[in-house]
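Trainee: Protein chains in written order, with the numbering used here: chain B, -2 to 188; chain E, 258 to 799. One structure is given below, represented as structure tokens, and several questions about it will come after.
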Amino acid sequence: MNLKKILKENKKQIIKKWFDAVVETYPSDTAAFLKRQKDPFANPVGGMTIEGIDGLFDQLCIEEIDPEKVTSFLDPIIRIRAIQSFTPSKAVGFVFYLKRIIRDEVKNDPKLVGQFRDIETGIDQIALYGFDIYMKCREQIYEIRANEAKRISFSAFERAGLLRDKHGNDPGLLHDAEDLDAENEESGAKV
Amino acid sequence: MSDLPKPDEFLTGIDHKMPQTDWMNTPTEIRKGMYCYASNYKSVEILGLPNARPWNPLEDDWKLPENWQQIIHEGFKERLDKFRSFKVFMDICVRCGACADKCHFFIGTGDPKNMPVLRAELLRSIYRNDFTTVGKILGKIGGGRKMTLDVLKEWWYYLFQCTECRRCSVFCPYGIDTAEVTIMGRELLNLIGLNIDWIATPIANCYQTGNHLGIQPHAFKDMLEFFVEDIEEITGINVDPSFNRKGADILFITPSGDVFADPGTYTCMGYMMLFHYLREKYGFDITWSTYASEGGNFGFFTSHETMKRLNSKMYAEAKRLGVKWILGGECGHMWRVINQYMDTMNGPADFLEEPVSPITGTKFENAKSTKMVHIAEFLADLIHHDKLELDPSRNDNFKVSFHDSCNPARGMGMFEEPRYVIKNVCNHFYEMPANTIREQTFCCGSGAGLNAGENMELRLAGGLPRANAVKYVHEKFGVNMLACVCAIDRAALPTSLEYWVPEVDTTGMTELVANALIMPGETKRETDLRGEPLPGMEEDDA
């Protein structure tokens, strides 16, 4: 008996259980709305969550998970949870709910327990990617705050002729190291 | 590190489900990222508003007047007597839930207290307890409760998580405007000095210098003159705007955000180019004011009296300069105030004339009373009468969608004019899904004074439904530019989209017009107003 095959066959009900568990991390009134409203534009949180976990589930059922695809399915969900009132563990922890749900499917069938360990490793891996995404989102929030302040004040100062950087270039937003290198190279400056 | 859970909290936090308590029994936790800093007491003093003092929402003691409950109660009573709509809105809600899931803050934060019905219930529960017999007798069973410090803090936290965008009101079968409930709630909070600084300081600035940023007249003029230089670099034309000129036909008023913050600055350059074009071609006579240098009205988020004070300067300036009527730029809240409140507060503006376009002869019947015409109406009329020479291919690098800014859309019913203008100056236009545009448009997430930096999580959550629709048209049609007609949008959307859909940029409508506008005597244009190469000019740029 192949566990991945069983999971594929029971995908619909597993996804439903997983989705329900994820939305139950919200207050009950909100959870009811997230489950009820199917229009993805009226309910982006529910829409992105169901789309994301569906894709993640498919990744677990194939031979080897594709980090890029996992990120593309995981990012929209974590991006939302990173700005909501969740602690970091709760923002990312929904990935682990799938373990409990699959465990219920496996029950104590000794033939499946071994295969379940592989699936568990996949789930752990997805959760770790989730942690990376969560951190990236949180860093981005602070970066956005800084950029916004600079966008407002720097452009005004620059237009007033009050600002020039050391190379005579316009003041930019947060520079990447690469941009700085390129600028230094252009101006012949030694780093 | 103090934000990390302690070891014992790990054990209690294993259950993934939220504690399920009734809303009245769910305590409010003021969370970082969700609230705006308290108003600066100096700004409150300048405005002569009550209880000016330094205070911090995170501290237990909010330094309230001793009799604050009495002040709130009497303020509540006064407003119930004064505003019939408020009384009706308190009484007629049957809690059908039609509005519940329509708020961008509820959709984005998932916090039930952001359901419009519940946000209004924060006030209604006190109303029932204090002003209805049933509420007094039944207490909590009847949905009433006493005004306590916890309730007050809950009011403050959630009434400043509403952008007064009125999307909820579109869906209410009884026509309850929950934004009006928020407006009243904020008025009551202001009676005991509970405002936020992103509102209080701009109002104080506006009250003293005429605009939210506190830009003095000479600096305002300097900024526009910098734009003159930029425009000359791009087009070879000196647009030479006129300032504070008595006897001009028309006064132009726009939000100061357009003068100082990108990308609104490009929209501002667009106005200047348009006015120059019209002057050269048709002798159009318009002047800017360095005193009424703000269209936005943050008094609207504080109290009716403050809104009235700020609105009056526009009309006072129009009177002083002796103009015939006022043309208004791409602003949000200014238009809501003009359309819904101005006439009652400061009208009738009978010293002005009923607006007629000097170029097309069109009479703007809708502005008969306020004497103020929206730039989108004015432009749409010019284009309809073929008065502008346009080359839409200059905007061919943009695949554009239009975000209906809440106030012009729901506050004045303006849906077609901006679309008509944009479709005439751009070749690639795509609509977002129907339940996210026109009267159902989603707020940018930062209106009604919430565009601060410290409440970024709230703004991003509130911006999610709008950004989600933008993401859809970006993925489906390759949309890379979101047009809008509001300065708060132009400040808020770039930030929101940077998080949700970084591939899409934000523009004002008039910026797109100015890109396409063929000005008499202009040099061959190589770049758009942002200095980016025009389509086909990329190689010349290299």
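Here a beta-carbon is modelled for each residue, glycine too, at the ideal position from N, C-alpha and C. Please read these numbers as outputs of a predicted model, since none were measured by experiment.
Our contact map puts E:Leu448 next to E:Gly556 with C-beta atoms below 8 Å; I'd like the distance itself, whole angstroms only.
Mentor: At roughly 15 Å, the Cβ-Cβ gap does not stay under 8 Å, so E:Leu448 and E:Gly556 are not in contact.
Trainee: Excluding the five sequence neighbours on either side, which residues of its own chain have a C-beta within less than 6 Å of the C-beta of E:Cys741, listed in chain order?
Mentor: Around E:Cys741: His660, Ser662.
Trainee: Should the segment 432 to 444 of chain E be called in touch with the segment 366 to 379 of chain E, which here means at least 3 C-beta pairs below 8 Å?
Mentor: Yes: the two stretches touch, three or more of their Cβ pairs being nearer than 8 Å.
Trainee: Determine which residues of the segment 67 to 81 of chain B have a Cβ less than 8 Å from any Cβ of chain E, and write them out in chain order.
Mentor: Result list: Arg76, Ile77, Ile80, Gln81.
Trainee: Where does E:Pro790 fall in DSSP's three states?
Mentor: DSSP places E:Pro790 in strand when its eight states are reduced to three.
Trainee: Is the CB of B:Asn(-1) under 8 Å away from at least one CB in chain E?
Mentor: Output row for B:Asn(-1): interface = no.
Trainee: Regarding E:Glu489 and the ligand ZN, is the C-beta to nearest heavy atom distance less than 7 Å?
Mentor: In the structure shown, the ligand ZN is absent, as is every other ligand, since no ligand is present at all.
Trainee: Using a beta-carbon distance below 8 Å, is E:Gly400 in contact with chain B?
Mentor: Not closer than 8 Å to any Cβ of chain B, the Cβ of E:Gly400 fails to qualify, so no.
Trainee: Distance check for E:Leu754 and E:Ala724, CA to CA, integer angstroms please.
Mentor: C-alpha separation (whole angstroms): 6 Å.
Trainee: Just grab the DSSP bridge partners of E:Met738 for me.
Mentor: Answer is E:Val657, E:Asp762.
Trainee: Pick out whichever of E:Gly553, E:Glu610, E:Tyr729 has its Cα sitting closest to the Cα of E:Val758.
Mentor: If we check each option's Cα against that of E:Val758, E:Tyr729 comes out closest.
Trainee: Counting only C-beta atoms, is B:Lys163 closer than 8 Å to chain E at any point?
Mentor: In this predicted model, B:Lys163 has a pLDDT of only 45, less than 50, meaning its place in the structure is not dependable; the value taken from the coordinates is given anyway. Output row for B:Lys163: interface = no.
Trainee: Assign E:Thr784 to one of three DSSP states: helix, strand, or coil.
Mentor: E:Thr784 falls in the strand class under three-state DSSP.
Trainee: If E:Val580 sits next to E:Ile507, beta carbons under 8 Å apart, how far is it from one beta carbon to the other, in whole angstroms?
Mentor: So it is a contact: roughly 6 Å between Cβ atoms.
Trainee: Say whether chain B places a C-beta atom closer than 8 Å to the C-beta of E:Tyr414.
Mentor: E:Tyr414 does not count as touching chain B.
Trainee: Any C-beta of chain A sitting closer than 8 Å to the C-beta of E:Leu508?
Mentor: The structure shown has no chain A; the protein chains it does contain are B and E.
Trainee: Hey, quick one: how far does the beta strand (DSSP E) through E:Thr698 stretch, first residue to last?
Mentor: Note, E:Thr698: premise wrong, no beta strand (DSSP E); not H, not E.
Trainee: E:Thr524 and E:Gly710: beta carbons closer than 8 Å?
Mentor: Cβ distance not < 8 Å, so E:Thr524 and E:Gly710 don't count as in contact.
Trainee: Hey, does E:Tyr294 have any beta-carbon neighbour from chain B nearer than 8 Å?
Mentor: No - not a single Cβ of chain B is within 8 Å of the one on E:Tyr294.
Trainee: Which residues share a DSSP beta bridge with E:Trp455?
Mentor: Answer is none; E:Trp455 lacks a bridge partner.
Trainee: So which residues of chain E does B:Phe128 contact, with C-beta pairs closer than 7 Å?
Mentor: Neighbours of B:Phe128 on chain E: none; closest Cβ ~15 Å, over 7 Å.
Trainee: Taking Cβ-Cβ distances below 9 Å as the criterion, which residues of the segment 27 to 39 of chain B are in contact with chain E?
Mentor: Taking 9 Å as the Cβ-Cβ cut-off against chain E, the residues of the segment 27 to 39 of chain B that qualify are Thr27, Ala28, Phe30, Leu31, Arg33, Gln34, Asp36, Pro37, Phe38, Ala39.
Trainee: If we define contact as Cβ-Cβ less than 8 Å, is B:Val89 a contact residue for chain E?
Mentor: By this cut-off, B:Val89 is not an interface position.
Trainee: Output needed for E:Asp798: all residues of its chain with C-beta closer than 6 Å, excluding positions within five of it in sequence on either side, in chain order.
Mentor: With a pLDDT of 47 at E:Asp798, under the threshold of 50, the modelled position of that residue is not reliable, and no figure is offered here.
Trainee: Go ahead and label B:Val139 buried or exposed: buried means 16 or more other beta carbons lie within 10 angstroms of its beta carbon, across all protein chains shown.
Mentor: Here residue 139 of chain B turns out to be Tyr, not Val, going by the sequence shown. Exposed.
Trainee: Examine the Cβ distances between the segment 485 to 503 of chain E and the segment 512 to 529 of chain E and report whether three or more of them are shorter than 8 Å.
Mentor: Yes: the two stretches touch, three or more of their Cβ pairs being nearer than 8 Å.
Trainee: So what's B:Thr27 in DSSP terms, helix, strand or just coil?
Mentor: Three-state DSSP puts B:Thr27 in a helix.
Trainee: Touching or not, the segment 38 to 54 of chain B and the segment 687 to 695 of chain E, by the rule of three or more beta carbon pairs under 8 Å?
Mentor: Short answer: they touch.
Trainee: Give me the chain E residues within the contact set of B:Ile120, using Cβ-Cβ distance strictly less than 9 Å, ordered along the chain.
Mentor: The contacting residues do not exist; B:Ile120 stays about 15 Å from chain E at best.
Trainee: What did DSSP end up calling E:Gly332 once you bin it into helix, strand or coil?
Mentor: Helix.
Trainee: Only counting runs of 4 or more residues, tell me where the alpha helix (DSSP H) segments fall wholly within the segment 661 to 722 of chain E, in order along the chain.
Mentor: As far as the segment 661 to 722 of chain E is concerned, its whole alpha helix (DSSP H) runs of at least 4 residues are 673 to 682.
Trainee: Can you tell me whether DSSP reads E:Ile449 as helix, strand or coil?
Mentor: Of the three classes helix, strand and coil, the one that applies to E:Ile449 here is coil, per DSSP.
Trainee: Among the residues of its own chain, which have a CB less than 6 Å from the CB of E:Ala718, if the five just before and after it don't count?
Mentor: Taken in chain order, the residues that qualify are Gly365, Thr366.
Trainee: Distance check for E:Asp746 and E:Met571, CA to CA, integer angstroms please.
Mentor: Their Cα atoms are separated by approximately 22 Å.
Trainee: Give me the Cβ distance between E:Trp280 and E:Pro373, rounded to the nearest whole Å; I'm assuming they're in contact under 8 Å.
Mentor: Between E:Pro373 and E:Trp280 the Cβ distance is about 13 Å, and since that is not below 8 Å, they are no contact.
Trainee: Return the bridge partner residues of E:Thr544 from the DSSP annotation.
Mentor: DSSP output for E:Thr544 lists E:Leu508 as bridge partner(s).
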